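The sequence shown finishes on residue 760 if you use my numbering, and the numbering steps up by one all the way, no holes. Where a beta carbon is used, it is the ideal one built from N, C-alpha and C, also for glycine. The structure presented is a predicted model; accordingly, all values stated were derived computationally and were not measured.
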Amino acid sequence: MSTQTNQDSELQHSFGPGEIGFDFLPLQTTSAPLPTQPENTIPTFDMQSHTELPLFDSAIPVLERPIVASSLPSNGAKARFWLDGETVLCGCPDCKAPMSVRLWLMTADCWRCGISIDLTEEQEREIGKLLEARKPALAKVAPPAAKPTVPIAPAATAKVTPPPVSPPAAKAPSALKPAPPKSPAPISTTPKSTSPGVAVGPVGKSPQPTAPVAPPKVLPPPVRKAEPVVNAAAVAVVAPPAPAVPEKRVIAPPPPPAAKPTPQQRRTAPPPKPVEEVDWLKRFLDAMPAWMISGLVHLIALTLLAMFTVPEDEEEGPMIILSANISHERVEGGDALVLPPDVRAQFDMPLPEKIDLKNPDEIKSLVAANQDARELRLDNEAVQHLANVDVVKKQVENATGVRQALAARDPRLRVEMVTQEGGTTMTEAAVARGLRWLANHQSNDGSWRLDDFESVHDCNCGGRGHFHTKAPGTALAMLPFLGAGQTHLAGKHKGTVSRGLRWLVQHQKENGDLRHDERSNAGMYTHGQAAIVLCEAFAMTGDEELRIPAQKATDFVVKAQFNDGGWRYQPGPSNDRGDTSVVGWQLMALQSARAANLNVPERTLLRASAYLDRCTKDGSQYGYMAGYAPTPTMSAEALLCRMYLGWNKKQNPALKRGVQRLVEDHLPLKGNPNLYYWYYATQTMHHYGGEEWDAWNLKMRDVLTSTQENSGHAAGSWAPRGDHADRGGRIYMTSLSVCTLEVYYRHLPIFRQIKLD
């Protein structure tokens with residue numbers, strides 16, 4: 004720092020990255036010319052070198068273009084981003100080297116250590132504010148290009164000779180010494196003057212007048228000097244007022260050529276702007292996040308791919324060549340002979356053997372029957388409530404226990420089961436028509452009444468029963484719906500089944516009793532049939548809402564058993580005697596509970612087997628009670644119970660004798676109807692199989708399909724005929740008839756396995 008008082012000072016403005024300085028440089032009185040161009044202090048490197056380029060912060064030259072001070076980082080590192088021309092820079096968190104920010108991806112890459120960072124939304128907003136603040140600052144700094152300027156004559160080419168100055172007042176010698184360094188004093192505004200001059204600072208503590216100066220001239224951008232900077236607080240020599248010199252308008256010299264960019268600047272420099280760039284589009288793309296741009300690109304690509312379709316080669320089907328032969332002989336025309344096609348190929352299920360395919364009336368009835376049989380098929384909406392059909396087929400083919408006994412009821416297997424087990428299109432049509440009639444005579448609350456079903460539709464079907472409560476009719480009518488695979492979740496009649504189940508559950512007592520108000524001889528009949536309904540509905544659907552009602556109904560059956568192992572009309576004293584007719588329904592209920600995996604005590608089954616032992620002499624024929632004479636009806640019911648309790652054809656020859664006696668002497672006859680006997684005997688024969696089943700099936704299906712009502716409001720039902728039919732009425736007859744015709748799939752046969760296609 005110079006301390007001579009015979010020197011003038013020049014106020015030097017310096018701008019650098021992160022700083023703004025004002026220095027007073029002494030003007031030497033030497034006659035040697037001062038340099039007119041900035042000294043080149045840029046370091047040079049060998050471009051063939053393979054080593055890393057060292058960083059010299061002091062060697063980075065000041066750019067010739069104006070730099071906005073607000074865009075530079077502060078010395079306190081408060082600003083995380085700054086601008087270098089059109090490039091946004093930030094510091095590398097690892098090596099502290101400058102990193103260029105790619106705005107459209109909002110990422111920054113370090114040229115030195117190779118790190119790449121993703122910017123946050125807060126940093127994105129900070130960059131946006133930096134770009135917005137840069138535009139007005141550039142407008143203030145940039146000089147007008149076309150307006151001529153009058154610069155001050157260069158002081159480097161003139162010899163500065165101070166004029167004589169009158170001696171100042173007497174002061175201490177220390178007053179002329181420079182004051183200790185202080186912070187730079189603020190720059191005061193210099194008034195305009197017609198005489199050129201230089202603004203000076205005070206000498207010592209006494210303020211001195213300043214010489215008038217010329218109007219401010221626009222100077223080229225300043226260049227940092229290599230000489231040491233003199234502190235603004237240093238002592239300056241006061242120049243006396245100079246004589247006025249006329250102004251000369253001189254065109255400002257062109258600015259010196261810009262310095263050659265460094266390798267770092269070339270790496271971080273943005274690509275050249277296109278001439279016709281749309282500013283609003285650039286701003287929009289810069290503000291758009293990277294994930295949105297990526298999503299739009301992928302959306303466009305997927306849309307374009309969806310528009311391209313590959314044409315498929317259409318295979319030509321079999322070709323038919325039509326040709327006509329013309330005879331030379333003249334023949335009189337007559338009625339055309341139409342050869343009927345193979346009618347059997349038009350039906351999914353077998354046709355009856357005695358059908359006359361040449362009879363138009365019988366063909367018409369077959370077509371109608373086929374349409375009715377299709378009612379029980381499931382549509383696509385119902386499949387979602389059922390297991391996979393392949394899984395169900397495996398259960399049917401590999402059934403070994405009671406758990407799979409109801410698997411064949413799945414309507415999707417109906418064609419295979421009916422065809423393989425001996426049914427026909429007419430038998431399945433009779434089932435569909437019977438269910439339709441029962442559904443049409445259900446009360447609004449979900450129940451059926453044996454004695455008052457006609458009031459539902461104000462019909463005149465006839466055939467009322469003698470029971471005046473709702474429980475017997477509801478239990479009987481629900482059995483055939485479940486036997487056909489109709490549940491409250493799937494099937495054409497799922498609404499009917501749902502209402503019936505709701506009525507039974509709502510009227511079940513806490514101890515599981517389902518008799519409702521029935522206190523006649525039909526009490527335990529009703530409970531046994533209703534228990535079958537609840538257990539089968541739970542086994543077929545797995546609906547947990549039915550588990551507790553079904554288990555309670557099963558427990559009631561167990562508690563109602565007498566000491567002799569049987570059951571009677573009402574659950575009375577334990578020392579009462581049971582009868583075989585009621586025992587059959589209770590054992591069927593326990594069998595359904597086992598199929599639903601409910602709790603059935605083994606002791607109850609053993610006691611029931613002991614009761615049957617007391618009702619027979621040789622095991623092939625059974626009476627109504629112990630000591631009673633055997634009858635075909637009780638024998639058929641008892642033999643079925645024996646099968647469910649573990650009897651088989653090899654170990655129990657009495658089973659074979661009993662089945663053969665029923666086939667030889669008591670086949671179904673249309674003139675001697677006994678539906679209760681037919682119902683139990685049909686199930687017994689189906690489980691037994693063989694020739695006995697074939698002989699029985701031919702008679703049974705023909706009798707039932709031929710006696711079904713086919714006209715009027717009663718179409719689809721069976722009129723009450725035979726033993727005990729008048730007590731149950733038309734609902735009793737229709738329910739048991741439909742259950743009998745469902746034998747082909749209602750229960751899987753016990754002694755053989757079924758193979759499905």
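Tell whether a beta-carbon distance below 8 Å holds between Gln532 and Trp588. Yes, Cβ-Cβ distance for Gln532 and Trp588 is below 8 Å.
Coarse secondary structure for Cys742, derived from DSSP in three states: helix
Taking buried to mean at least 16 other C-beta atoms within 10 Å of its own C-beta, is Trp451 buried or exposed? Burial is judged here by how many other beta carbons sit within 10 angstroms of a residue's own beta carbon; Trp451 has at least 16 and is buried.
Quick one: residues in its chain with C-beta nearer than 7 Å to the C-beta of Pro752, no 5 flanking neighbours on either side, listed in chain order? His689, His690 and Gly692
So, under 8 Å CB-CB, Glu539 and Leu643 are touching, yes? Tell me the CB distance rounded to an integer number of Å. Going by Cβ atoms, the distance from Glu539 to Leu643 rounds to 17 Å, so no, they are not a contact pair.
Within 8 Å, strictly: CB atoms of Ala433 and Leu707: Yes, these two residues count as a Cβ contact at 8 Å.
Option in Gly404, Gln398 and Pro363 with minimal Cα separation from Gln2: With the chain running from 4 to 760 in the structure shown, residue 2 is simply not present.
Rounded to the nearest angstrom, how far is the Cβ of Asp437 from that of Pro483, given a contact under 8 Å? At residue 437 the sequence reads Gly, which differs from the Asp that was named. Right, their Cβ atoms sit about 7 Å apart.
Could I get the ranges of all uninterrupted beta strand (DSSP E) runs contained in the region 348-436, with 3 residues as the minimum, in chain order? Positions of the beta strand (DSSP E) runs, each at least 3 residues long and wholly inside the region 348-436, cannot be given because no such run exists.
With distances taken between CB atoms, is the gap from Thr306 to Pro353 smaller than 8 Å? no
Using DSSP's beta-bridge definition, name the partner residues of Asp87. Thr90
With which residues is Cys113 paired in a DSSP beta bridge? Met102
Do Arg749 and Arg518 have their beta-carbon atoms positioned less than 8 Å apart in this structure? no
Applying the criterion that 16 or more other CB atoms from any shown protein chain within 10 Å of the CB defines a buried residue, is Ala136 buried or exposed? exposed
In terms of residues, what are the limits of the alpha helix (DSSP H) holding Ile757? Judged by DSSP secondary structure, Ile757 falls outside any alpha helix (DSSP H); it is assigned neither H nor E.
My understanding is that Leu648 touches Ser623, with C-beta atoms under 8 Å, so please give their C-beta distance in whole angstroms. So it is not a contact: roughly 15 Å between Cβ atoms.
For Ala235 and Arg128, I'd like the C-alpha separation in whole angstroms. Residue confidence is low: Ala235 scores 39 on pLDDT, short of 50, so the model does not pin down where it sits. Its coordinate-derived value is still stated next. Between the alpha carbons of Ala235 and Arg128 lies a distance of about 39 Å.
Identify, in the order they occur along the chain, each residue of the same chain with its Cβ nearer than 6 Å to the Cβ of Tyr683, setting aside the five sequence neighbours on each side. Ala639, Glu640 and Leu643
Hey, how far is the Cα of Ala563 from the Cα of Ser584? C-alpha separation (whole angstroms): 15 Å.
Per DSSP, what are the beta-bridge partners of Asp121 in this structure? Thr110
Considering Cα atoms alone, identify which of Trp440, Pro604 and Phe350 is closest to Gly715. Trp440
Check each candidate in Asp582, Cys98, Asn602 and Val395 and name the one with the smallest Cα separation from Ala553. Asn602
Chain-order list of residues whose beta-carbon lies under 6 Å from that of Cys798 (same chain, five-residue window excluded): The question about residue 798 has no answer here: the residues shown for the chain are numbered 4 through 760.
So, are the CB atoms of Gly466 and Gly732 less than 8 Å apart? yes
My assumption, with CB atoms under 8 Å, is that Trp506 sits in contact with Asp546. Please give the rounded CB distance. Their Cβ separation, rounded to whole angstroms, is 16 Å, which puts Trp506 and Asp546 out of contact at 8 Å.
Cα-Cα separation, Glu365 to Ile358: Separation of Glu365 and Ile358 (C-alpha to C-alpha, rounded to the nearest whole angstrom) is 7 Å.
Please list, in chain order, all residues of the same chain as Pro355 whose beta carbon is under 7 Å from its beta carbon, the five residues on each side excluded. Thr427 and Met429
Chain-order list of residues whose beta-carbon lies under 6 Å from that of Glu712 (same chain, five-residue window excluded): Sequence-distant Cβ neighbours of Glu712 in its own chain, meaning closer than 6 Å and more than five residues away, are Ala718 and Ser720.
Could you check whether Met736 and Leu678 sit closer than 8 Å to each other, using their CB atoms as the reference points? In this structure, Met736 lies closer than 8 Å to Leu678 by Cβ.
Is the beta carbon of His469 sitting closer than 8 Å to the one on Arg724? Between His469 and Arg724, the gap from beta carbon to beta carbon reaches 8 Å or more.
Ile753 - DSSP class collapsed to helix/strand/coil: coil
Per DSSP, Gly626 forms a beta bridge with which residues? Within the DSSP bridge table, the entry for Gly626 names Pro633 as partners.
DSSP state of Thr619, grouped into three classes? strand
Closest residue to Asp760 among Gln663, Asp668 and Arg417 (Cα-Cα distance): Looking at the Cα atoms, Arg417 is the closest of the given residues.
Taking only three categories from DSSP, how would you classify Ile130? helix
Assuming Leu92 and Ser103 are in contact, meaning their beta carbons sit under 8 Å apart, how far apart are those beta carbons, in whole angstroms? Rounded to whole angstroms, the Cβ separation of Leu92 and Ser103 is 6 Å, and the two are in contact under 8 Å.
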